[in-house]
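Numbering of the sequence shown is given in this note's numbering, commencing with residue 27 and proceeding in unit increments.
Where is the CB? At the ideal position from N, CA and C, for every residue including glycine.
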Amino acid sequence: MEEVAPDPPAIIEEEESPPLPHIPVALPPTCSTQVLRLPVGFAMVIDDFLTGEECASLLQLAEATHSWEPALVNFGNGAQILALSARKCGRIIVDSHELADMLFQRIRPILEENEVAIIGADTKWRIANAPWKVTRINERLRFLRYKPGDYFRPHQDGHYFTPDETEQSFMTLQIYLGENLQEYEGGTTRFFFGPKEKITADIEPKQGRALVFQHRGLRHSGEPMKRGLKYAMRSDFMYTRKRD
27 MEEVAPDPPA IIEEEESPPL PHIPVALPPT CSTQVLRLPV GFAMVIDDFL TGEECASLLQ
87 LAEATHSWEP ALVNFGNGAQ ILALSARKCG RIIVDSHELA DMLFQRIRPI LEENEVAIIG
147 ADTKWRIANA PWKVTRINER LRFLRYKPGD YFRPHQDGHY FTPDETEQSF MTLQIYLGEN
207 LQEYEGGTTR FFFGPKEKIT ADIEPKQGRA LVFQHRGLRH SGEPMKRGLK YAMRSDFMYT
267 RKRD
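Below is the structure:
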């Protein structure tokens with residue numbers, strides 16, 4: 027699998043959704059950010075981006091909205107299939123502009139501080155029609171559950187374009203929601219580099235941790251769970267062309 031395109035947002039009636047948790051703009055006092063030193067590409071880890079209570083409230087929202095279903099693989103043009111050779115985990119999709127905006131307002135200062143709120147002005151991004159300015163988090167929030175034996179084989183995240191083509195995704199947001207239990211093992215997010223992808227970098231799925239990374243050129247996997255349950259929420263950062 028080379029590239030997985032995000033699912034296009036669906037329209038959900040407002041009355042079907044349970045009450046949203048409140049995520050204030052202020053970052054937790056223990057929050058810290060580290061830009062990863064990778065052979066290629068941009069990625070950063072934000073520890074304690076969410077509190078344990080906020081993580082639990084997001085999971086409660088997801089499970090009150092829908093039941094866990096097998097995660098499908100999107101091969102573009104709206105076509106989705108169950109491909110257990112590539113991906114095996116549970117998924118709940120929640121479409122919420124309001125919740126996505128709460129998360130965006132919290133993370134926005136971090137994007138600005140690390141110079142990824144505006145991208146493409148230099149050559150390292152290799153983006154056409156640059157520069158691009160971040161506008162929001164995609165309202166399609168995908169909650170994921172990995173049980174022992176579940177995985178997501180190496181792949182590269184695809185770009186999502188809004189129907190009017192005014193916005194495009196360039197970066198992935200993944201937030202780990204599960205408790206850090208002693209019996210927990212496996213489930214790292216692994217990046218692959220170099221000849222035959224022998225160079226790797228593993229990100230532990232620590233509760234409250236956010237992982238932000240560019241779509242292009244960063245092949246990664248959800249390594250198999252060995253013990254315990256891994257919960258995460260994934261979305262994309264949307265950008266629009268910056269015009270003077």
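Thinking residue i and residue j are a contact (beta carbons under 8 Å), I'd like their distance in whole angstroms, please.
{"i": "V71", "j": "R235", "result": "6 Å"}
{"i": "V120", "j": "L167", "result": "5 Å"}
{"i": "A97", "j": "C115", "result": "5 Å"}
Given a threshold of 16 other Cβ atoms within 10 Å of its Cβ, counted over all protein chains shown, does residue i qualify as buried or as exposed?
{"i": "G220", "result": "exposed"}
{"i": "G204", "result": "buried"}
{"i": "P45", "result": "exposed"}
{"i": "V99", "result": "buried"}
{"i": "P154", "result": "Note that residue 154 is Ala in the sequence shown here, rather than Pro. So A154 counts as exposed."}
{"i": "Q194", "result": "buried"}
{"i": "E249", "result": "buried"}
{"i": "L84", "result": "buried"}
{"i": "A147", "result": "exposed"}
{"i": "H123", "result": "exposed"}
{"i": "S58", "result": "exposed"}
{"i": "Q208", "result": "exposed"}
{"i": "K252", "result": "exposed"}
If you run the structure through DSSP and keep just helix, strand and coil, what is residue i?
{"i": "S275", "result": "Residue 275 cannot be examined here, being either before or after the span of the chain that is shown, 27 to 270."}
{"i": "I49", "result": "coil"}
{"i": "D190", "result": "coil"}
{"i": "S261", "result": "strand"}
{"i": "D127", "result": "helix"}
{"i": "K173", "result": "coil"}
{"i": "T91", "result": "helix"}
{"i": "A109", "result": "coil"}
{"i": "S195", "result": "strand"}
{"i": "E211", "result": "strand"}
Is the CB-CB distance between residue i and residue j below 8 Å?
{"i": "A126", "j": "E165", "result": "yes"}
{"i": "Y186", "j": "P231", "result": "no"}
{"i": "Y172", "j": "K256", "result": "yes"}
{"i": "F75", "j": "I144", "result": "no"}
{"i": "I118", "j": "A88", "result": "yes"}
{"i": "L170", "j": "A258", "result": "yes"}
{"i": "S111", "j": "F178", "result": "no"}
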